[in-house]
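Input: a single structure, listed below in structure tokens.
There are 4 protein chains.
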Amino acid sequence: MRANVFRGTGKFGIEEVEKPRAEAGEAIVKITLTTICGTDLHIVRGEYPVEPGRIIGHEPVGVIEELGVGVTGYAVGDRVLIGAITPCGQCLGCLSGHLSQCGHGEGYRALGGWRLGNTIQGTQAEYVRIPHAQANLAKIPPELRDEQVVLLADIASTGISGAESGGVRIGDAVVVFAQGPIGLCATAGARLMGASLIIGVDGDETRLRFARQLGADVVLDYRQQDVVAEVKRLTGGGADVAIEALGTQQTFESALRCLRPGGTLSSLGVYSGKLELPYDAFAAGLGDHRIVATLCPGGKERMRRLMGLVQSKRLDLTPLLTHSFALKDIDEAYALFGERRDGVIKVAIRP
Amino acid sequence: MRANVFRGTGKFGIEEVEKPRAEAGEAIVKITLTTICGTDLHIVRGEYPVEPGRIIGHEPVGVIEELGVGVTGYAVGDRVLIGAITPCGQCLGCLSGHLSQCGHGEGYRALGGWRLGNTIQGTQAEYVRIPHAQANLAKIPPELRDEQVVLLADIASTGISGAESGGVRIGDAVVVFAQGPIGLCATAGARLMGASLIIGVDGDETRLRFARQLGADVVLDYRQQDVVAEVKRLTGGGADVAIEALGTQQTFESALRCLRPGGTLSSLGVYSGKLELPYDAFAAGLGDHRIVATLCPGGKERMRRLMGLVQSKRLDLTPLLTHSFALKDIDEAYALFGERRDGVIKVAIRP
Amino acid sequence: MRANVFRGTGKFGIEEVEKPRAEAGEAIVKITLTTICGTDLHIVRGEYPVEPGRIIGHEPVGVIEELGVGVTGYAVGDRVLIGAITPCGQCLGCLSGHLSQCGHGEGYRALGGWRLGNTIQGTQAEYVRIPHAQANLAKIPPELRDEQVVLLADIASTGISGAESGGVRIGDAVVVFAQGPIGLCATAGARLMGASLIIGVDGDETRLRFARQLGADVVLDYRQQDVVAEVKRLTGGGADVAIEALGTQQTFESALRCLRPGGTLSSLGVYSGKLELPYDAFAAGLGDHRIVATLCPGGKERMRRLMGLVQSKRLDLTPLLTHSFALKDIDEAYALFGERRDGVIKVAIRP
Amino acid sequence: MRANVFRGTGKFGIEEVEKPRAEAGEAIVKITLTTICGTDLHIVRGEYPVEPGRIIGHEPVGVIEELGVGVTGYAVGDRVLIGAITPCGQCLGCLSGHLSQCGHGEGYRALGGWRLGNTIQGTQAEYVRIPHAQANLAKIPPELRDEQVVLLADIASTGISGAESGGVRIGDAVVVFAQGPIGLCATAGARLMGASLIIGVDGDETRLRFARQLGADVVLDYRQQDVVAEVKRLTGGGADVAIEALGTQQTFESALRCLRPGGTLSSLGVYSGKLELPYDAFAAGLGDHRIVATLCPGGKERMRRLMGLVQSKRLDLTPLLTHSFALKDIDEAYALFGERRDGVIKVAIRP
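Residue numbers (the numbering used here), protein chains in the order written: chain A, 117 to 467; chain B, 117 to 467; chain C, 117 to 467; chain D, 117 to 467.
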């Protein structure tokens with residue numbers, strides 16, 4: 117089969133590789149739609165460590181091709197969505213509810229649940245092997261198209277969990293820093309949870325327009341405004357929840373400074389190096405802020421829950437799929453996505 | 117001033133009574149809009165015990181007329197919304213977060229927070245005296261009209277808290293039994309909290325139509341359908357949360373039977389006599405259902421939070437204010453509301 | 117192998133049956149210690165439905181005898197504790213945290229997690245087959261003896277979860293109705309969670325003595341006292357949490373009447389027929405009580421957590437193992453346990 | 117009356133000042149026992165900003181001397197404990213449960229609840245004026261001595277809230293960095309909440325001995341051991357909860373590094389300058405750690421709850437009151453406490 121294989125910093129492309137086979141508890145899924153994620157860019161740029169030879173990609177929609185021994189309740193030909201995180205359900209991490217810290221049968225493992233395109237072969241390919249298939253194959257309701265569900269695998273699950281981890285309550289004021297794919301989904305998540313005032317922050321016109329579309333009541337362009345001061349003014353003293361979805365010192369610190377006393381910072385960004393927590397912002401003197409870092413939750417229960425929102429038309433992320441490429445044109449797709457050209461938010465890849 | 121005074125079962129009407137004065141910590145509010153609540157019907161019918169001589173009513177919007185000693189941050193002339201529940205904030209109940217069980221400075225007191233039109237003079241009058249004013253006067257943003265906020269005082273706060281107490285999560289399936297004023301707000305609450313499938317149940321065409329308008333994806337008429345079976349079919353095994361908003365054995369039991377194993381019944385109805393909890397429905401064998409009974413939360417923080425939703429246009433309850441009367445025509449208003457004539461949902465009263 | 121087989125109401129006893137073999141994902145465990153549970157009495161008396169031919173028992177400690185394909189991280193000879201509930205970890209129920217409502221790969225199933233000695237062969241035998249072994253085998257630290265951990269499988273997990281579901285907070289007043297094996301563990305649970313006043317209720321001197329030993333500050337004998345009035349007096353108005361661990365109308369209703377406004381009833385008892393919820397007790401007028409029914413949580417993470425408490429000497433349930441029998445004397449053991457003779461709390465069975 | 121007055125960095129001492137009088141809603145309390153807190157040292161050293169002329173101190177036990185208008189349910193002569201935090205109960209902060217961010221009637225205010233010895237006159241005096249007395253006077257049960265309750269006002273409430281904010285669950289492994297007065301109470305809090313393994317860290321023999329006495333199963337001396345490595349070894353991969361009770365970069369970072377994937381850092385220390393959050397420790401790659409900063413909760417409900425633990429002998433902090441001084445010898449008391457001489461943990465001050 118053809119697949120996009122990582123070969124070291126800056127080197128990747130379509131290769132012919134062997135089609136995988138399902139062992140006990142696994143499934144082979146024929147990919148019908150996948151995407152490129154910002155994390156994939158980190159990988160090909162050498163900023164996130166992955167073994168050469170790895171097939172990249174972790175946002176899969178497809179059709180069951182083969183089922184290993186012990187996987188029940190599914191049939192070859194079933195259309196399925198699989199989360200970017202594929203928890204085993206049977207380790208200490210999973211059994212205590214930390215699916216993203218899955219230890220594959222044993223204890224907790226940092227990032228353990230994220231395996232596809234990271235520690236095992238990924239989804240930018242014709243076929244993918246899914247571990248712990250029983251916990252991870254979410255059947256797609258017939259009335260939903262691939263395009264309607266593919267973004268649930270990662271960015272929607274992550275972004276919405278940013279609102280959930282932030283503990284957004286009915287009537288809260290929420291500010292979301294950065295309106296890239298995950299930030300836009302966090303904005304949608306804040307809306308889904310009943311925030312009364314949602315403020316989207318970015319420096320890109322296109323993204324701010326999408327922010328409005330997905331639920332922001334107000335958008336702020338950090339190039340033109342003192343965002344912290346404006347959030348304080350709009351909220352009458354500070355946001356209940358700030359969601360950070362970029363991963364820089366500046367957005368992190370601004371998010372913290374936007375909070376009311378006792379507010380919560382929900383952090384989704386991927387930071388590199390050291391973050392500085394300014395004393396006065398963190399603790400408001402002695403304070404009682406909360407900072408919560410969340411990794412995408414996965415598993416078929418999560419995917420089913422999110423597909424329900426698409427079915428009832430409470431969540432429509434199809435506008436974010438701004439571009440589409442065949443798998444053979446993956447180089448072009450990475451180039452466009454990496455350079456953020458042509459108003460791209462997400463690119464779809466069709467094997 | 118003129119006020120609607122309860123004089124014993126079946127007896128009430130407009131009388132001239134003395135205008136109240138504010139003592140320390142209190143405020144006098146000139147009522148500009150109030151309503152009749154289903155509980156008021158229970159009172160005049162002798163089904164809920166209230167002392168003769170009591171002015172009825174507990175959903176007030178008005179203008180501050182006088183402020184007692186020690187109330188700070190307000191001015192005469194401020195437009196305010198006051199919750200049906202007026203917690204003191206300083207008793208064991210309030211300090212532990214049970215505002216509806218306010219003990220007026222001391223311990224917990226069952227229903228203690230509900231005083232207006234119950235244990236002290238109410239709001240179907242030209243003026244009302246508000247105890248613990250500092251905790252209860254919520255300033256109305258200038259851009260909001262009285263009609264947009266009056267229903268937040270009780271039915272919206274109660275109905276939405278039904279969804280909150282039920283612990284509705286993103287993607288949940290929720291069924292709401294009875295689509296009267298509170299049930300309709302519970303439906304709106306389930307939508308605000310991100311339910312993916314909301315099923316409204318009633319036996320009245322008008323109310324089912326309102327249910328759709330406020331967020332129900334599906335409506336079921338119990339006169340024409342086996343509701344429990346249909347909910348189980350639609351949800352693939354049972355609702356995550358059932359909200360009961362009527363207060364009868366039948367709706368309570370049906371709500372319980374609609375739940376998936378481990379689901380939550382949020383109970384808002386006012387029951388009389390004994391409820392039977394059928395063993396098989398309650399415990400699903402041994403089960404782990406939750407049953408949560410919620411009384412309207414109050415206080416200015418709650419009111420501010422709900423007004424925020426109106427400001428951002430996430431909550432519009434004005435269609436529920438189907439009729440409007442002058443205070444002098446209160447008899448007519450009670451008759452229409454009590455007989456549920458002319459598609460009435462809520463009646464506004466203007467002093 | 118020898119096993120205690122149920123043959124219909126009133127009929128059970130030791131038989132020679134075939135030793136089980138492990139299929140994929142399963143393990144065979146050689147039982148070194150098990151017990152008789154109150155539920156087993158319900159089974160042999162025909163009060164809880166189980167198929168004839170079923171081996172009874174669900175509280176196992178033993179040594180791994182055989183491992184099926186795909187079970188990793190264990191070796192034959194490992195000493196293990198297995199919870200009474202054996203969740204799969206991979207269904208909608210498990211993935212959303214409702215391990216006791218495990219659907220065995222699919223959706224929620226009422227009581228689905230309880231399989232041992234219920235829907236599959238149980239533990240009063242020389243060997244038992246454990247499904248979903250990866251999620252359920254909890255290795256026993258070498259310094260702990262079988263007697264120290266066997267009661268964690270069911271009664272400790274259930275009783276302590278009664279305190280957890282009740283949401284006991286530091287400084288709460290908690291009343292526990294019935295001080296049988298589960299009630300005693302609920303008493304221990306309330307103490308572990310930091311209750312300040314724990315009131316144990318029973319009508320048996322021996323059990324009240326054990327209640328004091330496990331953490332009750334005060335014990336009440338319902339034969340001699342008006343328990344509800346005394347709880348209200350001791351707590352200054354009502355308990356924060358009441359735990360019901362028997363399953364009768366009287367204990368359920370008394371537990372509800374003992375609560376302060378806004379308190380929580382945590383229900384562990386197994387009821388038969390219909391329960392009556394008196395209006396005035398349930399809703400305290402309109403009230404906001406919570407009623408939570410909890411079934412024993414299971415899984416190796418839970419077992420590990422509880423064994424940690426035994427290791428640090430915060431939990432010692434060995435005094436509750438009042439009697440011990442060889443498997444061949446199981447009839448005698450059931451007789452003693454069923455008649456509650458000789459101060460029996462729990463009986464140990466040694467194959 | 118005599119009082120300890122702050123007069124600028126390094127300058128403070130006993131002066132004769134006017135005895136306060138109670139206005140509406142206030143109470144005057146004759147102090148019978150108070151203490152010196154670490155924060156008081158920050159004040160006199162000029163490290164925490166307070167106006168010259170301020171009477172220092174915020175841990176009061178005393179007898180009601182005078183009651184202002186509107187304070188009900190109390191009598192002159194009642195013995196009372198008052199929390200270091202004196203919330204109003206009637207602002208947005210208090211009504212939403214953030215008592216420590218009390219806004220005095222209005223919105224949230226950072227640290228707003230801490231007024232005694234900070235923004236209003238404190239307790240190292242013969243009398244103190246208590247604002248919002250209705251919310252803050254907690255009657256002391258007659259059987260409890262002043263020495264048994266005085267430490268509940270601040271250090272016990274703060275330390276225990278560190279365990280509560282950390283979300284300690286039954287069976288958790290908890291590490292507490294620094295075993296000063298607050299860290300020792302955090303250790304006691306972890307024990308009260310049912311942790312199975314509690315690890316106390318400090319570099320002082322006396323404090324490590326107290327740590328064992330208050331609940332630590334293991335103590336680690338950071339001068340002799342690699343604490344992070346040892347915690348990882350003892351917990352089999354990382355603590356569920358780490359509590360930081362000192363306020364330095366090193367303890368904060370070590371606490372973070374001790375956590376298992378998905379664990380919680382509860383921060384009680386008072387930091388100065390900037391904190392660095394190392395990327396790898398914070399986010400374990402992408403991670404999902406939580407960091408929660410907590411300020412002492414207050415109010416009479418909290419004080420009552422903690423006194424209940426003393427009554428039932430689950431909490432005994434009297435050993436921490438290592439030294440006692442008359443108010444007139446306050447200089448000597450500050451010297452001893454500031455230099456941490458003679459094994460001092462807390463000093464009592466008797467006016």
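Every residue gets a Cβ at the ideal spot worked out from N, C-alpha and C, and that includes glycine.
Taking only three categories from DSSP, how would you classify residue i?
i, result
"A:S281", "helix"
"C:D445", "helix"
"D:S428", "coil"
"C:R406", "strand"
"C:R420", "helix"
"D:F398", "Reliability fails at D:F398, whose pLDDT of 49 lies under 50, so the model's placement of it is uncertain and the value that follows must be treated cautiously. D:F398 falls in the helix class under three-state DSSP."
"A:T274", "helix"
"C:H248", "coil"
"D:P377", "strand"
"C:G213", "coil"
"D:D337", "strand"
"B:Y450", "helix"
What are the start and end residues of the alpha helix (DSSP H) that includes residue i?
i, result
"A:E131", "Per DSSP, A:E131 belongs to no alpha helix (DSSP H); it is in the beta strand (DSSP E), F128 to E132."
Can you give me the C-alpha to C-alpha distance between residue i and residue j, rounded to a whole angstrom?
i, j, result
"D:A400", "D:E134", "Summary for D:A400: the model assigns pLDDT 39, below 50, so the residue's position carries little reliability; its value from the coordinates is reported in the next sentence. Whole-angstrom Cα-Cα distance: 57 Å."
"D:A306", "C:K429", "15 Å"
"B:S277", "B:Q295", "15 Å"
"C:K462", "C:P257", "23 Å"
"A:G424", "A:E167", "36 Å"
"D:V160", "D:F128", "7 Å"
"A:E392", "A:G283", "24 Å"
"C:Q427", "D:G124", "52 Å"
"A:P203", "D:E369", "29 Å"
"A:D318", "C:G352", "55 Å"
"D:F398", "A:G316", "With a pLDDT of only 49 at D:F398, under the threshold of 50, the placement of this residue in the model should not be trusted, and no figure is reported."
Measure the Cβ-Cβ separation of residue i and residue j and say whether it is below 8 Å.
i, j, result
"A:S382", "A:S216", "no"
"C:A140", "A:A143", "no"
"C:L227", "C:L452", "no"
"D:A289", "D:I359", "no"
"C:L308", "C:L431", "yes"
"B:L443", "B:A464", "no"
Quick one: list the residues of chain B neighbouring residue i, beta-carbon separation under 9 Å, in chain order.
i, result
"D:A140", "A140, G141, V185 and G186"
"C:G205", "Under the 9 Å cutoff, chain B gives no residues; its nearest Cβ is about 16 Å from C:G205."
Residue i versus chain A: which residues are under 8 Å apart at the beta carbon?
i, result
"D:D404", "H214, S216, Q217, S281, V408, A409, T410 and L411"
Determine the extent of the beta strand (DSSP E) in which residue i is found, giving its start and end residues.
i, result
"C:G316", "L313 to D318"
"A:V344", "Not the beta strand (DSSP E): A:V344 falls in the alpha helix (DSSP H), residues V343 to T351."
"D:E360", "A355 to E360"
"A:E181", "V177 to L183"
Can you name the residues of chain A whose CB is closer than 9 Å to the CB of residue i?
i, result
"B:R421", "R285, I286, G287, D288 and S312"
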